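Below: one structure, written as structure tokens.
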Amino acid sequence: MNDRRVVVTGLGVVSPHGSDPATMFTRLMSGESVVREVTFETPTPYANVAAVVEDFDPSALLGAQLRSENIDRVTQLALAAAGAAVTDAAVEVGDDLRYRAGVSFGTGMGSSAAIEETHVQTLTRDPARVRPLTVLKVMNNASAGHIAASFGLAGPDLTYSCACSSSAVAIGEAYRQIRHGYADMMIAGGGEAPLTYSFFRAWDAMRVLAPIDRLRPASTCRPFDRRRAGLVLGEGAAMVVLEDREHAVRRGARIHAELVGYGSSNDYAHMTKPSVEGQARAMRLALDDRGTPAEEVDYVNAHGTGTVINDPTETRALKEVFGARAHTIPVSSTKSMHGHLLGGAGALEFVIAVLGLTSGAVPPTANLETADPECDLDYVPGKGRAGVELRCVMSNSFAFGGTNAVLLARRA
Amino acid sequence: MPTTAETIETILIDKFGVRRDAIRPEATLTELGLDSLDLIEVLFEVEEAFNIRVPQDGAAIRASTLQELLDTVTRLVEEEHAAPKVEQA
Numbered sequence: 058m059n060d061r062r063v064v065v066t067g068l069g070v071v072s073p074h075g076s077d078p079a080t081m082f083t084r085l086m087s088g089e090s091v092v093r094e095v096t097f098e099t100p101t102p103y104a105n106v107a108a109v110v111e112d113f114d115p116s117a118l119l120g121a122q123l124r125s126e127n128i129d130r131v132t133q134l135a136l137a138a139a140g141a142a143v144t145d146a147a148v149e150v151g152d153d154l155r156y157r158a159g160v161s162f163g164t165g166m167g168s169s170a171a172i173e174e175t176h177v178q179t180l181t182r183d184p185a186r187v188r189p190l191t192v193l194k195v196m197n198n199a200s201a202g203h204i205a206a207s208f209g210l211a212g213p214d215l216t217y218s219c220a221c222s223s224s225a226v227a228i229g230e231a232y233r234q235i236r237h238g239y240a241d242m243m244i245a246g247g248g249e250a251p252l253t254y255s256f257f258r259a260w261d262a263m264r265v266l267a268p269i270d271r272l273r274p275a276s277t278c279r280p281f282d283r284r285r286a287g288l289v290l291g292e293g294a295a296m297v298v299l300e301d302r303e304h305a306v307r308r309g310a311r312i313h314a315e316l317v318g319y320g321s322s323n324d325y326a327h328m329t330k331p332s333v334e335g336q337a338r339a340m341r342l343a344l345d346d347r348g349t350p351a352e353e354v355d356y357v358n359a360h361g362t363g364t365v366i367n368d369p370t371e372t373r374a375l376k377e378v379f380g381a382r383a384h385t386i387p388v389s390s391t392k393s394m395h396g397h398l399l400g401g402a403g404a405l406e407f408v409i410a411v412l413g414l415t416s417g418a419v420p421p422t423a424n425l426e427t428a429d430p431e432c433d434l435d436y437v438p439g440k441g442r443a444g445v446e447l448r449c450v451m452s453n454s455f456a457f458g459g460t461n462a463v464l465l466a467r468r469a
Numbered sequence: 008m009p010t011t012a013e014t015i016e017t018i019l020i021d022k023f024g025v026r027r028d029a030i031r032p033e034a035t036l037t038e039l040g041l042d043s044l045d046l047i048e049v050l051f052e053v054e055e056a057f058n059i060r061v062p063q064d065g066a067a068i069r070a071s072t073l074q075e076l077l078d079t080v081t082r083l084v085e086e087e088h089a090a091p092k093v094e095q096a
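If you read the protein sequences in the order shown, they are chains A and B.
If you're matching positions, the first sequence starts at 58 in the working numbering and goes up one per residue.
If you're matching positions, the second sequence starts at 8 in the working numbering and goes up one per residue.
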């Protein structure tokens, strides 16, 4: 079997902290949460908090061929992030590469706005007046299909949907496509645009969203804190260009990092209750994938949702994998600042971890004032730390449905 | 108020990127650069604009010229709106 090394040569984000990775990272390092109040003028006025992609202008992407009414927000965000990643990779997709290049995309809830709009139209307006391309807009592989068409990628075109692990899985599976010789380049990542009234209501009904911090809405999400009370939704997309290392070297590409591990496991027990065993197993699988010693992991971007149950469970899993050293590895939850991007979370957080690797810096966990006694690791509270040497970074994603996905990157 | 022909032209130009100078009565919709998905959307937009229902017949529409589309729309508008249906009590 082919066993090729896989590197990251392009990073692209459309995040609640903007669309420039360096600026986004600087803002995260300062501990700036962009979580804010959002309201809906529905029959019953509704307010919540979320991390929103502000001032996103899709007009450069859209036109006569891609009309906004046919492209859900999640796909608009994904196309923009994919474009940024391809630009960053400075790669030309010509006929020599096209048939060896593909897309791997992750989304949990897909085209949330289009789904809501279709239901409103059919149930409360005129059911005969559904927009003609609704099927193409709401299908979960809409984003992957549009990315392939936009960039001329003729290889594997894959979509993964496993809730909050979706885009970590998409990156991990793309890595395997390249590693095992099915592709030379993959645009991989994911996105989510879940900030619709009906999806807020559905999340509310599960009682996992943090109640709004009325005094400081930006401080609503408090991972690892004693007062943490749930997650905060976010939206956005993040895409990376993964490449066969030899291919990247041959074309003189700038290499951000090497993807040296992917671990995939399931808790096989409960739809939502996380398992220490399942999470620890995914982390070990990622380490064993290329034989990375646990001692070389110098930062973990935690799943760190801020729910009552996630944070101590993840803490225990980290201790099981890293032993006593778990207490000295910086572990942070950037969800405290950019919210939970659900299907897009794994990709955004992998990008953040890679930016930490390349800039020698560890982003913080915001809003962490008094740690829960059960959460006793170094969560980098408040502000990030610069000037640190990082060899390997780990990014954890754990999902409803039990899917755990762990990515491991090494400095190139 | 714009004429029926002007409304259809505006839809084609503004929504589907058809060039104004390409619009001729004898041009087929396919010749205007519209693909199969564009065609069903053109029908949707035309239906919205005139509050009519165009019978489903994709093949006929695909081959039809702008003049034929205009004639169809004009006929449907007359049929559906000239004599308002009496509301049932």
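Every residue, glycine too, gets a C-beta built ideally from N, C-alpha and C.
If you're wondering where the values come from, they're calculated on a predicted model, not measured in any experiment.
Open item on the list: With distance defined between alpha-carbon atoms, name the residue in A/Thr362, A/Arg61 and A/Glu249 nearest to A/Gln234.
Closed with: A/Arg61
Task: Contact set between B/Phe51 and chain A, taken where Cβ atoms lie within less than 7 Å - done: Arg188 and Pro189
Task: Of the listed residues A/Lys194, A/Met242 and A/Leu180, nearest to A/Tyr156 (C-alpha basis) - done: A/Met242
TODO: Confirm, please, whether the CB-CB distance from A/Asn461 to A/Ser222 is below 8 Å.
DONE: yes
TODO: Would you mind telling me which residues of chain B sit closer than 7 Å to A/Ala121, beta carbon to beta carbon, in chain order?
DONE: Phe23 and Gly24
- [ ] Return helix, strand or coil for A/Arg442, following the three-state DSSP convention.
- [x] strand
Open item on the list: Between which residues of its own chain and A/Ile172 is the CB-CB distance below 7 Å, once the five residues before and five after are set aside?
Closed with: Val195
TODO: For A/Gly403, count neighbouring Cβ atoms within 10 angstroms of its own Cβ and tell me buried if that reaches 16, exposed if not.
DONE: buried
Task: Within chain B, the residues that A/Arg124 reaches when beta carbons sit closer than 7 Å - done: Lys22
TODO: Determine which residues share a DSSP beta bridge with A/Glu300 and list them.
DONE: A/Val64 and A/Met242
Task: Counted within 10 angstroms of its Cβ, other Cβ atoms place A/Val63 as buried (16 or more) or exposed - done: buried
Task: Whole-number beta carbon distance between A/Ile409 and A/Leu85, since they are thought to touch under 8 Å - done: 7 Å
- [ ] Run through the stretch 225-284 of chain A for me and flag every whole beta strand (DSSP E) of 3 or more residues, listed as ranges in chain order.
- [x] 242-249
TODO: Check whether the Cβ atoms of A/Ser390 and A/Thr427 lie closer than 8 Å to each other.
DONE: no
Task: Check whether A/Leu414 and A/Arg347 have beta carbons under 8 Å apart - done: no
TODO: Check distances from the C-beta atoms of the stretch 30-56 of chain B to those of chain A and list, in chain order, the residues that come in under 7 Å.
DONE: Leu44, Ile47, Glu48 and Phe51
Open item on the list: Please list the terminal residues of the continuous alpha helix (DSSP H) segment that includes A/Met394.
Closed with: Lys392 to His395
TODO: Check the C-beta distance from A/His360 over to A/Ser454 and give it rounded, since I have them as a contact under 8 Å.
DONE: 6 Å
Open item on the list: Under 8 Å, with one C-beta from each stretch per pair, do the stretch 390-399 of chain A and the stretch 279-287 of chain A reach the 3-pair mark?
Closed with: yes
Task: Close-in-space but distant-in-sequence residues of the same chain around A/Gly246 (CB under 6 Å, 5 per side omitted) - done: Ser224, Ala295, Met296, Val297 and Ala404
- [ ] Mind checking who A/Cys432 pairs with in its DSSP beta bridge?
- [x] Its beta-bridge partners do not exist; DSSP assigns none.
TODO: Using a threshold of 8 Å, state whether the C-beta atoms of A/Leu252 and A/Val106 are closer than that.
DONE: no
Open item on the list: Runs of 3 residues minimum, wholly inside the stretch 104-159 of chain A: which ones carry the beta strand (DSSP E) assignment?
Closed with: none
Open item on the list: If we require 4 or more residues per run, which alpha helix (DSSP H) segments fall completely within the stretch 357-388 of chain A?
Closed with: 367-379
- [ ] Using a threshold of 8 Å, state whether the C-beta atoms of A/Val143 and A/Gly248 are closer than that.
- [x] no
Open item on the list: Applying the 10 Å Cβ sphere with the 16-neighbour rule, what's the burial state of A/Val354?
Closed with: buried
Open item on the list: Looking at A/Phe162: is its Cβ nearer than 8 Å to the Cβ of A/Ala240?
Closed with: no
Open item on the list: Would A/Ser87 and A/Lys330 be called neighbours here (beta carbons separated by less than 8 Å)?
Closed with: no
- [ ] Let me know the secondary structure DSSP gives B/Asp78 once reduced to three states.
- [x] helix
Task: Whether A/Ala343 touches A/Met451 by CB criterion (8 Å) - done: yes
Open item on the list: With H, G and I counted as helix, E and B as strand and the rest as coil, what does DSSP make of A/Arg468?
Closed with: strand
Open item on the list: DSSP three-state label for A/Cys449, please.
Closed with: strand
TODO: For A/Glu371, count neighbouring Cβ atoms within 10 angstroms of its own Cβ and tell me buried if that reaches 16, exposed if not.
DONE: buried
TODO: Determine the DSSP secondary structure at B/Ala96, reduced to helix, strand or coil.
DONE: Note that B/Ala96 scores 45 on pLDDT, short of 50, meaning its location in the model is unreliable and no value can be drawn from it.
Open item on the list: Can you list, in chain order, the residues of its chain with a C-beta nearer than 8 Å to that of B/Ile20? Leave out the 5 residues immediately preceding and following it.
Closed with: Arg26, Arg27 and Ile30
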